[in-house]
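Trainee:
Residue numbers (my numbering): 81 to 245.
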């Protein structure tokens, strides 16, 4: 067998094992799920925020837990995860849900880390998104080596005046 075929088979087997482990560990919680891969297009002042929330589970008292699945290694805690806090903003201000818990679920290790939601932090994230959008629209930003990595995933890289052609 070629190295590519062997590598693909190893990755497939690893994925199957991760999926089996995930189901075994989480089957009891799956009845509380109200959204999986929930798409949203959320108007925030003059901009539209679009995306997908991996999972939203109902907790007691009409509150919800927002879960974001990660395939990589543990990098940040839920309270420091901008994406997860943005999902909390969407749930709170667009879906009329009460976010109570933010969780990152790391599929490699089947570890889930959770924190309670802070409305103060959600409001800070909202202001950060609005300020960032304002800078982008006014072209008032600089591209650093670190931010350049994000450009590869940006839908607007072909028309961005800050990037070299």
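We put the beta carbon where it would ideally sit given N, CA and C, even for glycine.
(1) Start and end of the alpha helix (DSSP H) containing residue 119?
(2) Among all the DSSP beta bridges, which residues are the ones paired with residue 240?
(3) Give a yes or no on whether the C-beta atoms belonging to residue 228 and residue 237 are separated by under 8 Å.
(4) Taking residue 161 and residue 180 to be in contact with their CB atoms under 8 Å, please state how far apart those CB atoms are, rounded to whole angstroms.
(5) Would you tell me roughly how many angstroms separate the C-alpha atoms of residue 167 and residue 133, rounded to the nearest one?
(6) What number of angstroms, rounded off, separates the C-alpha of residue 118 from the C-alpha of residue 215?
(7) Any contact between the segment 184-194 and the segment 140-155? By contact I mean 3 or more CB pairs, one from each, below 8 Å.
(8) By how many angstroms is the C-alpha of residue 156 removed from the C-alpha of residue 177?
(9) By the three-class DSSP mapping on this structure, what secondary structure does residue 227 have?
Mentor: The structure says:
(1) Against the chain shown, residue 119 aligns to sequence position 39. That residue, residue 119, is in no alpha helix (DSSP H); its beta strand (DSSP E) goes 113-124.
(2) Here residue 240 corresponds to residue number 160 of the chain shown, with the count starting at 1. Paired residues: none, contrary to the question.
(3) The sequence position of residue 228 within the chain shown is 148, counting from 1. The sequence position of residue 237 within the chain shown is 157, counting from 1. In this structure, residue 237 does not lie closer than 8 Å to residue 228 by Cβ.
(4) Translated into positions along the chain shown, residue 161 becomes position 81. Translated into positions along the chain shown, residue 180 becomes position 100. With 8 Å as the limit, residue 161 and residue 180 do not qualify as a contact, their Cβ atoms being about 16 Å apart.
(5) Within the chain shown, residue 167 is the residue found at index 87, counting from 1. Within the chain shown, residue 133 is the residue found at index 53, counting from 1. Computed Cα separation, rounded: 6 Å.
(6) Indexing the chain shown from 1 puts residue 118 at position 38. Indexing the chain shown from 1 puts residue 215 at position 135. The alpha-carbon separation between residue 118 and residue 215 amounts to approximately 28 Å.
(7) Contact between the segment 184-194 and the segment 140-155 is established, with three or more Cβ pairs separated by less than 8 Å.
(8) For the purposes of this step, residue 177 is taken as the residue at position 97 of the chain shown. For the purposes of this step, residue 156 is taken as the residue at position 76 of the chain shown. About 25 Å.
(9) Here residue 227 refers to the residue found at position 147 when the chain shown is read from its first residue. Looking at residue 227 - three-state DSSP - the assignment turns out to be helix.
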